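Below is one structure, written out as structure tokens; the observations come after it.
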Amino acid sequence: MAGAKEVQSVHPFTRWVAGLSSPMSLTDQRAAATRISHLMLTTVFVATVCGYFIGNVHTAFFAVAAACGVSLIVWGPNWYQNEDPDQRWCDENEVKKYYETLEQLRDEAKQKIIDELESKGEKKRN
Numbered sequence: 229m230a231g232a233k234e235v236q237s238v239h240p241f242t243r244w245v246a247g248l249s250s251p252m253s254l255t256d257q258r259a260a261a262t263r264i265s266h267l268m269l270t271t272v273f274v275a276t277v278c279g280y281f282i283g284n285v286h287t288a289f290f291a292v293a294a295a296c297g298v299s300l301i302v303w304g305p306n307w308y309q310n311e312d313p314d315q316r317w318c319d320e321n322e323v324k325k326y327y328e329t330l331e332q333l334r335d336e337a338k339q340k341i342i343d344e345l346e347s348k349g350e351k352k353r354n
């Protein structure tokens, strides 16, 4: 079997665990941000009301800290690992052309400012 190719494959569970630290898709980021905002606002409101009636401000503090911990565990890792249809990858030539045009426009603007300052300096001398 010397001529046979050795096929290396990664176990699906290993691939899934490695994907937990991969970047989230923009759709998942928006969903996580919305859920975290709702969780935090609800927690602050309910904990403040409960803390007022109990007469202990620490209730609100610990509830918000617990909500931060829960949101970090629930929405921190990339559980869904969805593809991102919102991201568009640019062609390298387009990116290079963009920066060349940007540099050209900056140089033109810089030269225009220098010319205006020099012309004002000549007017003051005369």
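Heads up: the sequence shown begins at 229 in the numbering used here, then just goes up one per residue. Glycine included, each C-beta is placed from N, C-alpha and C at the ideal position. Predicted model, so just to flag it, every value in this text is computed and none were measured.
Beta-carbon separation (whole angstroms), residue i vs residue j, contact threshold 8 Å
{"i": "D256", "j": "N310", "result": "6 Å"}
{"i": "M252", "j": "A260", "result": "7 Å"}
Helix, strand or coil at residue i according to DSSP, with G and I counted as helix
{"i": "Q309", "result": "coil"}
{"i": "N284", "result": "coil"}
{"i": "M252", "result": "coil"}
{"i": "H266", "result": "helix"}
{"i": "S347", "result": "helix"}
{"i": "S237", "result": "coil"}
{"i": "G297", "result": "helix"}
{"i": "G304", "result": "coil"}
Residue j beta carbon less than 7 Å from that of residue i
{"i": "A275", "j": "A291", "result": "yes"}
{"i": "D312", "j": "L248", "result": "no"}
{"i": "S250", "j": "N284", "result": "no"}
Closer than 6 Å: residue i CB and nearest the ligand SAH heavy atom
{"i": "G279", "result": "Questions concerning the ligand SAH fall outside what the structure shown contains, since it holds no ligand whatsoever."}
Reference residue i, options the options, closest by Cα
{"i": "V376", "options": "A259, T287 and E328", "result": "Absent from the structure is residue 376, since the part of the chain shown begins at 229 and ends at 354."}
{"i": "R263", "options": "Y326, G279, G304 and E331", "result": "G304"}
Stretch-stretch touch, CB-based, cutoff 8 Å, three pairs: the region 292-304 with the region 263-276: In the pairwise beta carbon analysis, the region 292-304 is classified as touching the region 263-276: at least three pairs are separated by under 8 Å.
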